[in-house]
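Structure first, then comments.
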Amino acid sequence: MSEAVGFKVKAVMFDLDGTLLNTAPQITEAANAMLSDLGMQALPYQQVKNYIGEGAPILIKRCLTGQIDIEPAPDLYAQAQPLFFAHYANNVVDSLPFDGV
Numbered sequence: 001m002s003e004a005v006g007f008k009v010k011a012v013m014f015d016l017d018g019t020l021l022n023t024a025p026q027i028t029e030a031a032n033a034m035l036s037d038l039g040m041q042a043l044p045y046q047q048v049k050n051y052i053g054e055g056a057p058i059l060i061k062r063c064l065t066g067q068i069d070i071e072p073a074p075d076l077y078a079q080a081q082p083l084f085f086a087h088y089a090n091n092v093v094d095s096l097p098f099d100g101v
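Numbering-wise, our numbering puts 95 at position 95 of the sequence shown, and it's gapless, one number per residue.
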């Protein structure tokens with residue numbers, strides 16, 4: 001019925017973020033806190049949610065420009081990135097599983 005695999009599994013990695021856990025609210029909160037720290041206006045939840053899915057660096061760039069394919073000024077991005085990660089590290093623990101998980 002099942003065949004043995006020729007190696008021992010030492011670790012299994014699973015991406016919980018956006019798969020089992022609904023992290024969009026916390027990502028949006030972190031992104032808007034980052035924007036506030038930079039003196040910029042907050043973005044609507046749905047807009048930030050639409051930016052999620054291609055990794056934090058791209059999310060940050062999209063939040064800074066309000067566009068999908070425009071690059072922010074390198075110095076602005078360099079300032080924004082640690083702010084986003086600091087805010088997200090503080091609120092990611094508030095993420096909840098999707099319904100039914």
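Glycine included, C-beta positions come from ideal geometry on N, C-alpha and C.
Cut-off 8 angstroms between Cβ atoms - residues of its own chain near THR28, not counting five sequence neighbours on either side: LEU43, TYR45, VAL48 and LYS49
Beta-carbon contacts of ALA11 that lie in its chain and below 6 angstroms, excluding the five residues immediately before and after: none
According to DSSP, residues forming a beta bridge with LEU96: ASN22
Simplified DSSP state of PRO57, which is helix, strand or coil: helix
Inter-residue CB distance, ALA31 and CYS63 (contact presumed, cutoff 8 angstroms): 5 angstroms
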